[in-house]
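Under the numbering used here, the first residue of the sequence shown carries the number 1278, and numbering increases by one thereafter.
For each residue, glycine too, the CB sits at the ideal point set by N, CA and C.
Notes to accompany the following structure.
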Amino acid sequence: AQEWERQVTGHGGRLSVVVCHCSDEALHRSRLDGRVRGIPGWHEIDWAHVERMRREYPTLTVPHLKVDAVDSLEANLTAVRAYARR
1278 AQEWERQVTG HGGRLSVVVC HCSDEALHRS RLDGRVRGIP GWHEIDWAHV
1328 ERMRREYPTL TVPHLKVDAV DSLEANLTAV RAYARR
């Protein structure tokens, strides 16, 4: 994300990073298990992939907003829009 920030600010912009997570593991698993993305050329992901990404994804060191998928879409959109306008 630091490289993204350098690129964006180098062009006079502002980076707005939004992280979406799900604090309820059972809900997260059920949503993943019931999802079919159906994107041509893309594989479906499983829970092992989620766990691997949790281990491998670097900690963000740039300012960011974290929204929770257990919250309503409307609440998260409101938060994201406010964050982007800051």
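In the DSSP assignment, Asp1310 falls within the unbroken alpha helix (DSSP H) covering Glu1302 to Asp1310. Under the DSSP assignment, Leu1350 falls in the alpha helix (DSSP H) whose first and last residues are Leu1350 to Arg1362. Counting C-beta pairs with one atom in each stretch, the segment 1306-1323 and the segment 1283-1297 have fewer than three that are closer than 8 Å, which means they do not touch. Taking the Cβ atoms as the reference, Val1339 lies roughly 12 Å from Gln1284, outside the contact range of under 8 Å. Excluding the 5 residues flanking it on each side, Ser1300 has same chain C-beta neighbours closer than 6 Å at Asp1345 and Val1347, in chain order.
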